[in-house]
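*Asks:*
Protein chains: 2
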Amino acid sequence: MTAVDLPPPAACCTPLHREALSAADAQSLARTLKALADPTRLRLVSLVAAHGGEACVCDLTEPVGLSQPTVSHHLKVLVDAGLMSRDKRGVWAYYALVPGALDAVARVLTTEG
Amino acid sequence: MTAVDLPPPAACCTPLHREALSAADAQSLARTLKALADPTRLRLVSLVAAHGGEACVCDLTEPVGLSQPTVSHHLKVLVDAGLMSRDKRGVWAYYALVPGALDAVARVLTTEG
DNA sequence: CCAGGACATCGACGGTTGTCAATGCGTCGT
DNA sequence: ACGACGCATTGACAACCGTCGATGTCCTGG
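Top to bottom, those sequences are chains L and S. Under this note's numbering, the residue at position 100 of the first sequence is numbered 91, and the numbers go up by one with no gaps. Under this note's numbering, the residue at position 100 of the second sequence is numbered 91, and the numbers go up by one with no gaps.
#1: To which residues of the same chain is Gln59 of chain L closer than 7 Å at the C-beta, ignoring the five residues directly before and after it?
#2: Could you list the residues in the stretch 62 to 84 of chain S with a C-beta less than 7 Å from some C-beta on chain L, going in chain order?
#3: By Cβ distance below 7 Å, which residues in the same chain neighbour Leu7 of chain S in space, the five residues on each side in sequence not counted?
#4: Applying the criterion that 16 or more other CB atoms from any shown protein chain within 10 Å of the CB defines a buried residue, is Arg9 of chain S buried or exposed?
#5: I'd like to confirm the pairing. Which residues does DSSP put opposite Lys79 of chain S in its beta bridges?
#6: Whose CA, out of S:Gly56, S:Ala95, S:Val39 and S:Asp50, lies closest to the CA of Ser76 of chain S?
#7: What residues match up with Glu45 of chain S in a beta bridge as DSSP calls it?
#8: Rounded to a whole number of angstroms, what is the C-alpha to C-alpha distance between Leu(-3) of chain L and Arg80 of chain S?
#9: If you check the beta carbons only, do Ala17 of chain L and Leu93 of chain S fall under 8 Å apart?
#10: Straight-line CA distance for Glu45 of chain L to Leu24 of chain L?
#11: If you check the beta carbons only, do Ala14 of chain S and Pro30 of chain L fall under 8 Å apart?
#12: Looking at Val89 of chain L: is its Cβ nearer than 8 Å to the Cβ of Leu74 of chain L?
#13: Rounded to whole angstroms, what is the Cα-Cα separation between Ala72 of chain L and Ala97 of chain L?
#14: Name the chain L residues whose beta carbon is nearer than 8 Å to that of Leu100 of chain S?
#15: Considering Cα atoms alone, identify which of S:Ala21, S:Ala26 and S:Ala41 is closest to His64 of chain S.
#16: In this structure, does DSSP put Arg34 of chain L in helix, strand or coil?
#17: Under 8 Å, Cβ to Cβ, is there at least one residue of chain S near Ser37 of chain L?
#18: In chain order, what residues of the same chain have a beta carbon less than 6 Å from the beta carbon of Asp78 of chain L, not counting five sequence neighbours either side?
#19: Give the C-beta separation of Leu35 of chain L and Leu69 of chain L to the nearest angstrom, bearing in mind that I take them to be a contact with Cβ-Cβ under 8 Å.
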């Protein structure tokens, strides 16, 4: 894996309701949204947030009721999308929300103002 | 199609960063996000918004560069997700954003405040 | 009534995705 | 040094998704 497909920041730029999205921007935003568009990953995000902003895989496997490899896979998707960060400390890998990443997505979707 | 899987309003309820999402809420929100997590559908949304809030299929087919059945399919997905509305007037079918639907999604994702 | 246009639906096909069991890799006690 | 633990990676498989061409349906104009 060459990490060639790193998304820019997260869901950069365009307000979505002001001007027609370019094909490239649409693809970039879609990649971020696709990372969120899964019940398991949404639960992982909210579990991490409710767990004090940080949690290791072992904290998450049981609540979501899936196998450890599957949870690891989902967390990797979230990290690759720039929504979460991974910090390996000793034997444990701590996952945390990237501050502002979700808000950036929300801002693109907002049509108010 | 029995329209059995109508999503509640759109992406109801839970703030996502306050409490752990229930499995049901996660599934509901994921369904809405999945409707948005496609480059073509994002462009359709922004095209409709930039087109004065309303557009017919014939206005959208050429800008996205896809076949008419494909565009119709994507629009149906957006309508089923509660993000767009369809109004058939004569021969044409006019699609419009459901006011507040995108903002509801954005509000769930926001972690500020 | 008939021809044509706008849109929806159907059937099919390739690519992607979510899941698991099995396995590999570091790290910590003992 | 060795075994146990936490996590990542791999390979496989079923289910789903985006796309198209072909066809069906409804409205309009002549």
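C-beta atoms are modelled at their ideal positions from N, C-alpha and C, and glycine is treated no differently.
*Replies:* This is what the structure holds:
#1: Taking the first sequence and counting its residues from 1, one reaches residue 59 of chain L at position 68. Hits under 7 Å: Val48 and Thr52.
#2: none
#3: Taking the first residue of the second sequence as 1, we reach residue 7 of chain S at position 16. Counting only Cβ-Cβ distances below 7 Å, and skipping sequence neighbours, we find Val99 and Leu100.
#4: Numbered from its first residue, the second sequence carries residue 9 of chain S at position 18. Its Cβ having fewer than 16 others within 10 Å, Arg9 of chain S is exposed.
#5: By one-based count along the second sequence, residue 79 of chain S stands at place 88. Answer by DSSP bridge pairing, in chain order: S:Ala84.
#6: Translated into positions along the second sequence, residue 76 of chain S becomes position 85. Selected option, being the one with the closest Cα: S:Val39.
#7: Mapped onto the second sequence, residue 45 of chain S falls at position 54. S:Ala87, per the DSSP bridge assignment.
#8: Position 6 of the first sequence holds residue -3 of chain L. Position 89 of the second sequence holds residue 80 of chain S. Confidence at Leu(-3) of chain L is low in this model, with a pLDDT of 49, below 50, so its placement is unreliable and no value can be given for it.
#9: Numbered from 1 along the first sequence, position 26 holds the residue referred to as residue 17 of chain L. Numbered from 1 along the second sequence, position 102 holds the residue referred to as residue 93 of chain S. No. Outside cutoff.
#10: As a first step, residue 45 of chain L must be located in the first sequence, where it is residue number 54. As a first step, residue 24 of chain L must be located in the first sequence, where it is residue number 33. When rounded, the distance between both Cα atoms is 22 Å.
#11: Locating residue 14 of chain S in the second sequence gives position 23, counting from the first residue. Locating residue 30 of chain L in the first sequence gives position 39, counting from the first residue. Cβ atoms of Ala14 of chain S and Pro30 of chain L: closer than 8 Å.
#12: Taking the first sequence and counting its residues from 1, one reaches residue 89 of chain L at position 98. Taking the first sequence and counting its residues from 1, one reaches residue 74 of chain L at position 83. Cβ atoms of Val89 of chain L and Leu74 of chain L: closer than 8 Å.
#13: In the first sequence, residue 72 of chain L corresponds to position 81, counting from 1. In the first sequence, residue 97 of chain L corresponds to position 106, counting from 1. Ala72 of chain L and Ala97 of chain L: Cα-Cα distance of roughly 15 Å.
#14: The sequence position of residue 100 of chain S within the second sequence is 109, counting from 1. The answer, in chain order, is Leu27, Leu93, Asp94, Val96, Ala97 and Leu100.
#15: By 1-based counting over the second sequence, the position of residue 64 of chain S is 73. His64 of chain S has its Cα closest to that of S:Ala26, out of S:Ala21, S:Ala26 and S:Ala41.
#16: Your numbering for residue 34 of chain L matches position 43 in the first sequence. Arg34 of chain L: helix per DSSP, three-state reduction.
#17: Here residue 37 of chain L refers to the residue found at position 46 when the first sequence is read from its first residue. Yes, Ser37 of chain L lies at the interface with chain S (some Cβ there is under 8 Å from its Cβ).
#18: In the first sequence, counting from the first residue as 1, residue 78 of chain L sits at position 87. Result list for Asp78 of chain L: Tyr85, in chain order.
#19: Taking the first sequence and counting its residues from 1, one reaches residue 35 of chain L at position 44. Taking the first sequence and counting its residues from 1, one reaches residue 69 of chain L at position 78. Yes, they are in contact, since the Cβ atoms of Leu35 of chain L and Leu69 of chain L sit about 7 Å apart, within 8 Å.
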